[in-house]
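Read the structure below first, then the notes.
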Amino acid sequence: MTARRGRLSPLAVAAIFVVVLGSMQFGLAYSRGEILRQEPLTDAEERLRAELRAAADAERAAAGLEPARRGESPRQAAQETARALVGMDYFGAPTGVGVRPDADPPLPNRKGLCYRVPAKLTVDHPGWDGGEDPSSAASRAVAERLVGLLGTANVGVLTRPNDHRHGLGVAIDGDVVYAVYRTCNLGY
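Mapping of the sequence shown onto this note's numbering: residues 17 to 204, in sequence order.
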């Protein structure tokens, strides 16, 4: 089909419509966290993440803020980053916090309008049990130490406003725990 000079053919208009609609659908699915690969957490990681959420919300309450508004996309990106840290030599010390611009390779999931703070903690709590089946007291103590570490980062990730969506990723590798706190201003 040809169009008169200066006009689009109906086929071109339909093609543009399909591309725009598909892009909108992809963007919506990504913002809901449906695009990222999902790996199930172990029971110990799930318990630790719950303790971390509670400790982070307590830190926010102490700063006069409401509990963090959670988002699936930031949570999944944070979880994927935490899992990647297990296989990386990102922190050269037993305990560390913060994004290292000089890291090789760099952390995955770098996105605009998002802040992330990774942390590594080598656990020495007697109830930790190598991360296999830590006691509730050990999980709580580790969560509090990790929130303390995350709070030392200079980007104030724990105190971002609730127009940001918050996500938390956790990976346990024996006596080493990796956590990533992520906030994204997704505009909704």
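For every residue, glycine included, the Cβ atom is placed at its ideal position computed from N, Cα and C. Predicted model only: the values in this text are computed from it and were never measured.
Item to complete: Measure the CB-CB distance between Gly-172 and Gly-87 and report whether it falls below 8 Å.
Response: Within the sequence shown, numbered from 1, the residue matching residue 172 stands at position 156. Within the sequence shown, numbered from 1, the residue matching residue 87 stands at position 71. Cβ atoms of Gly-172 and Gly-87: not closer than 8 Å.
Discussion item. Can you tell me whether Ala-70 is helix, strand or coil according to DSSP?
Written reply: As a working mapping, residue 70 is identified with position 54 in the sequence shown. Three-state DSSP puts Ala-70 in a helix.
Worksheet item: Which one of Cys-130, Gly-143, Ala-84 has the shortest CA to CA distance from Thr-175?
Response: Within the sequence shown, numbered from 1, the residue matching residue 175 stands at position 159. Thr-175 has its Cα closest to that of Ala-84, out of Cys-130, Gly-143, Ala-84.
Worksheet item: In terms of residue numbering, what span does the beta strand (DSSP E) encompassing Ala-195 cover?
Response: Locating residue 195 in the sequence shown gives position 179, counting from the first residue. Residues 192–200.
Worksheet item: I think Thr-199 touches Tyr-131, with their Cβ atoms under 8 Å apart; what is that distance to the nearest whole Å?
Response: Indexing the sequence shown from 1 puts residue 199 at position 183. Indexing the sequence shown from 1 puts residue 131 at position 115. Right, the Cβ-Cβ distance comes to about 5 Å (below 8 Å), so this counts as a contact.
Worksheet item: Leaving out the 5 sequence neighbours to the left and right, which residues in its chain are closer than 8 Å to Gly-190 when beta-carbon positions are compared?
Response: In the sequence shown, counting from the first residue as 1, residue 190 sits at position 174. Gly-146, Gly-147.
Discussion item. DSSP three-state label for Gly-185, please.
Written reply: Working through the sequence shown from its first residue, we reach residue 185 at position 169. If DSSP states are grouped into helix, strand and coil, Gly-185 belongs with the strands.
Discussion item. Taking the beta carbon of Leu-37 as the centre, do at least 16 other beta carbons fall within 10 Å, making it buried, or is it exposed?
Written reply: Counted from its first residue, the sequence shown places residue 37 at position 21. Label assigned to Leu-37: exposed.
Worksheet item: For the beta strand (DSSP E) that Val-163 lies in, which residues bound it at each end?
Response: Walking along the sequence shown from the start, residue 163 turns up at place 147. First-last for Val-163: 152–167, but that is the alpha helix (DSSP H), not the beta strand (DSSP E).
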